[in-house]
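*Asks:* Mind the numbering: the sequence shown is residues 1 to 490 in UniProt numbering, read in order. Below is a structure I'd like to ask you about.
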Amino acid sequence: MGKNLTSRAEDYSKWYNELVVKADLAENSGVRGCMVIKPYGFAIWEKMQAELDRMFKATGHENAYFPLFIPKSYFSKEASHVDGFAKECAVVTHYRLKNDEDGGIIVDPEAKLEEELIVRPTSETIIWDTYRKWIQSYRDLPIKINQWANVVRWEMRTRLFLRTAEFLWQEGHTAHATKEEAVEEAELMMRVYADFVERFMALPVIKGTKTESERFAGALETYCIEALMQDGKALQAGTSHFLGQNFAKAFDVKFASKEGTQEHVWATSWGVSTRLMGALVMTHSDDNGLVLPPKLAPIQVVIVPIYRGEEQLDAISQVAKELQRELQLLGVSVKYDDRDTHKPGWKFNEYELKGVPLRIAIGPRDLEKRTVELARRDTMSKETVSKDEIVDRVQSLLVEMQSALYNKALKFRDSHITEVETYDEFKDILENKTGFVSAFWDGTAETEEKIKNETKATIRCIPLNVKEEAGTCVYSGEPAKIRVLFAKAY
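What follows is the structure in structure tokens.
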């Protein structure tokens, strides 16, 4: 099976699209802008989901589920929120179809909804309407809920995983008695996301806050983790929002404090989506296909027999199945591919394309010598390992690969953060070197907008613990206090 992937150097965007489809992660569907996530892609998402879910529960959150539909009137309650999402809302107006004279089907004009329903682009409004009923006193706080759901944001230009009209995600929504507690929660969740992305996806991130114009609609502060892809573009990998009392005031959510006064609660919301799948593909993969970090690979080890005739296959299968069983008992996911419909070379290609971290080949000569051939997906290196040592070697290599992928991505990211002083330098780096550009900014939305229009670069984040220093804005020449990170982004 020839892979025939477009190379990254040739056309990164085309390479990505081809890889997602050829590696069986996802495909476009009959519904414009929506994707079908295939079993192999969904298996990776399930691994991400399981780990994140564990981390949420470990930090005191519970799962619940809220409706897909949101009455239009709820949206009008928080002004900046509706402004932020108005352009991408899908709206349900009718509830019945009927046959027309020509035998076709039409929307029944008699069946118009009294109030239109919005398919959720995010759930703050329906959740805050619900929290009003749940919260009376300080004893009811905090409420820390997460939901795994799908959301719809009508997109014109779509790309598998990175931008689709419907996508899967989780959204956390919490209510607190004090501002301090809510801020602490928003910061905690940013750290949980960073921890997950770095430890499981092997992807280094920069933690920071968004500028006012890049904030979530209705938030007072948006915390984010920003990652860098191999083409030098940034990708927002997760966000956590401190919502202040905006939603509590809009939906009249008050509680009786210990002192007996009526107070509005303080809120947060936070989410990551199937976009992380896109980040995973773009960060580690190469011209031969996917490269998956062992912790998220649906198949961590594949065993391929190389044989002539039934007899050889039986002898190899005995060794292979014993090895498979030993590894599985240690929690390693192993596939033994003894299909006789495909040749070993085809299988090697297939598992390379699908990013399986380790491949073990066993042939008749290996049986004689009591060895196996072990190939590593990230470096494409091969070694001969004795049968007695293979189990230990596989375990240590999986750990080694996980950190090697992280370190490789970190080295790439760090070599693509460039400090600049002048606007010419700024444009040159963006065009030719790419990556993050660290530059002084005068703090105005006007400067931010002008840079965006001229270079397509946005302020990805104001890094946490950024130190104030005297400088000159890279664009306006006005005095500036901090350096922020600009980049072109997905």
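Where a beta carbon is used, it is the ideal one built from N, C-alpha and C, also for glycine.
Tell me whether A457 is buried or exposed, calling it buried when 16 or more other Cβ atoms sit within 10 Å of its Cβ.
*Replies:* Residue numbering aside, residue 457 sits at position 457 when the sequence shown is read from its first letter. Counting Cβ neighbours within 10 Å, A457 comes out buried, since at least 16 surround it.
*Asks:* Using 8 Å for Cβ pairs, my map puts F242 next to A219. What's the rounded Cβ distance?
*Replies:* Against the sequence shown, residue 242 aligns to sequence position 242. Against the sequence shown, residue 219 aligns to sequence position 219. Right, the Cβ-Cβ distance comes to about 6 Å (below 8 Å), so this counts as a contact.
*Asks:* DSSP three-state label for residue 494, please.
*Replies:* This structure cannot speak to residue 494, because the chain is shown only from 1 to 490.
*Asks:* Counting only runs that start and end within the stretch 113 to 159, where is the beta strand (DSSP E) found for 3 or more residues in a row?
*Replies:* Whole beta strand (DSSP E) segments, 3+ residues: 143 to 152.
*Asks:* Return yes when the Cβ of L397 is within less than 7 Å of the Cβ of P293, no when it is not.
*Replies:* Counted from its first residue, the sequence shown places residue 293 at position 293. Counted from its first residue, the sequence shown places residue 397 at position 397. Against a cut-off of 7 Å, the Cβ pair of L397 and P293 comes out as no contact.
*Asks:* Would you tell me roughly how many angstroms separate the C-alpha atoms of R157 and N17, rounded to the nearest one?
*Replies:* Walking along the sequence shown from the start, residue 157 turns up at place 157. Walking along the sequence shown from the start, residue 17 turns up at place 17. So the alpha carbons of these two residues sit roughly 14 Å apart.
*Asks:* With H, G and I counted as helix, E and B as strand and the rest as coil, what does DSSP make of N4?
*Replies:* The residue you call residue 4 lines up with position 4 of the sequence shown. It is coil, neither helix nor strand.
*Asks:* Quick one, are the C-beta atoms of Q324 and P364 less than 7 Å apart?
*Replies:* Taking the first residue of the sequence shown as position 1, residue 324 is located at position 324. Taking the first residue of the sequence shown as position 1, residue 364 is located at position 364. Their beta carbons are not under 7 Å apart, which means Q324 does not touch P364 by this criterion.
*Asks:* Between F66 and S123, is the Cβ-Cβ spacing less than 7 Å?
*Replies:* Along the sequence shown, read from residue 1 onward, the residue named residue 66 stands at position 66. Along the sequence shown, read from residue 1 onward, the residue named residue 123 stands at position 123. Their beta carbons are under 7 Å apart, which means F66 touches S123 by this criterion.
*Asks:* Helix, strand or coil, according to DSSP, for N99 in the structure here?
*Replies:* The residue given as residue 99 occupies position 99 in the sequence shown. DSSP places N99 in strand when its eight states are reduced to three.
*Asks:* In whole angstroms, give me the CA-to-CA distance for D231 and Q49.
*Replies:* As a first step, residue 231 is located in the sequence shown; it is residue number 231 there, counting from the start. As a first step, residue 49 is located in the sequence shown; it is residue number 49 there, counting from the start. Spanning the two alpha carbons is a distance of roughly 27 Å.
*Asks:* Give me, in chain order, the residues of the same chain whose beta-carbon lies closer than 7 Å to that of V20; leave out the 5 immediate sequence neighbours on both sides.
*Replies:* Within the sequence shown, the letter at position 20 stands for residue 20. A26, L160, F161 and V281.
*Asks:* Specify the secondary structure class of G477 as computed by DSSP and reduced to three states.
*Replies:* Working through the sequence shown from its first residue, we reach residue 477 at position 477. The answer is coil: DSSP assigns G477 none of H, G, I, E or B.
*Asks:* Does the distance from the C-beta atom of S415 to that of L485 stay below 7 Å?
*Replies:* Here the question's residue 415 lines up with position 415 in the sequence shown. Here the question's residue 485 lines up with position 485 in the sequence shown. Not in contact: S415 and L485 (Cβ atoms no closer than 7 Å).
*Asks:* Nearest to D442 by alpha carbon, out of I417, Y475, P204 and R460?
*Replies:* Your numbering for residue 442 matches position 442 in the sequence shown. Per the Cα distances, Y475.
*Asks:* In the structure shown, what three-state DSSP assignment does E226 receive?
*Replies:* One-based indexing of the sequence shown puts residue 226 at position 226. Here E226 sits in strand by DSSP.
*Asks:* Pick helix, strand or coil for I306, following the three-state DSSP scheme.
*Replies:* Position 306 of the sequence shown holds residue 306. I306: coil per DSSP, three-state reduction.
*Asks:* Please state the DSSP three-state secondary structure of M35.
*Replies:* Here residue 35 refers to the residue found at position 35 of the sequence shown. Note: M35 maps to strand in three-state DSSP.
*Asks:* Going by C-alpha to C-alpha distance, which of V391, T434 and G208 sits closest to K467?
*Replies:* For the purposes of this step, residue 467 is taken as the residue at position 467 of the sequence shown. Checking every option, the nearest Cα to that of K467 belongs to G208.
*Asks:* Use the C-beta contact count for P39: other C-beta atoms within 10 angstroms, 16 or more gives buried, fewer gives exposed.
*Replies:* The residue you call residue 39 lines up with position 39 of the sequence shown. P39 should be labelled exposed.
*Asks:* Should T130 go down as buried or exposed, given a rule of 16 or more other Cβ atoms within 10 Å for buried?
*Replies:* Taking the first residue of the sequence shown as position 1, residue 130 is located at position 130. Under this definition T130 is a buried residue.
*Asks:* Where do the ends of the alpha helix (DSSP H) carrying L168 lie?
*Replies:* Your numbering for residue 168 matches position 168 in the sequence shown. Taken as a continuous stretch (DSSP letters only), L168 belongs to no alpha helix (DSSP H), being part of the beta strand (DSSP E) at E166 to H176.
*Asks:* In whole angstroms, what separates the C-alpha of K433 from that of K354?
*Replies:* Here the question's residue 433 lines up with position 433 in the sequence shown. Here the question's residue 354 lines up with position 354 in the sequence shown. Their backbone Cα atoms lie some 30 Å apart in a straight line.
*Asks:* Compute the beta-carbon to beta-carbon distance between K87 and E115, rounded to the nearest angstrom, for a pair I have assumed lies under 8 Å.
*Replies:* The sequence position of residue 87 within the sequence shown is 87, counting from 1. The sequence position of residue 115 within the sequence shown is 115, counting from 1. About 20 Å separates the two Cβ atoms, so there is no contact after all.
*Asks:* Starting from the N-terminal side, write out each stretch of the alpha helix (DSSP H) that is 4 residues or longer and does not extend beyond the stretch 6 to 77.
*Replies:* DSSP runs (the alpha helix (DSSP H)) wholly in the stretch 6 to 77: 12 to 22, 39 to 58 and 72 to 75.
*Asks:* According to the Cβ coordinates, are E51 and F200 closer than 7 Å?
*Replies:* Taking the sequence shown and counting its residues from 1, the one referred to as residue 51 is at position 51. Taking the sequence shown and counting its residues from 1, the one referred to as residue 200 is at position 200. A contact, by the Cβ cut-off of 7 Å.
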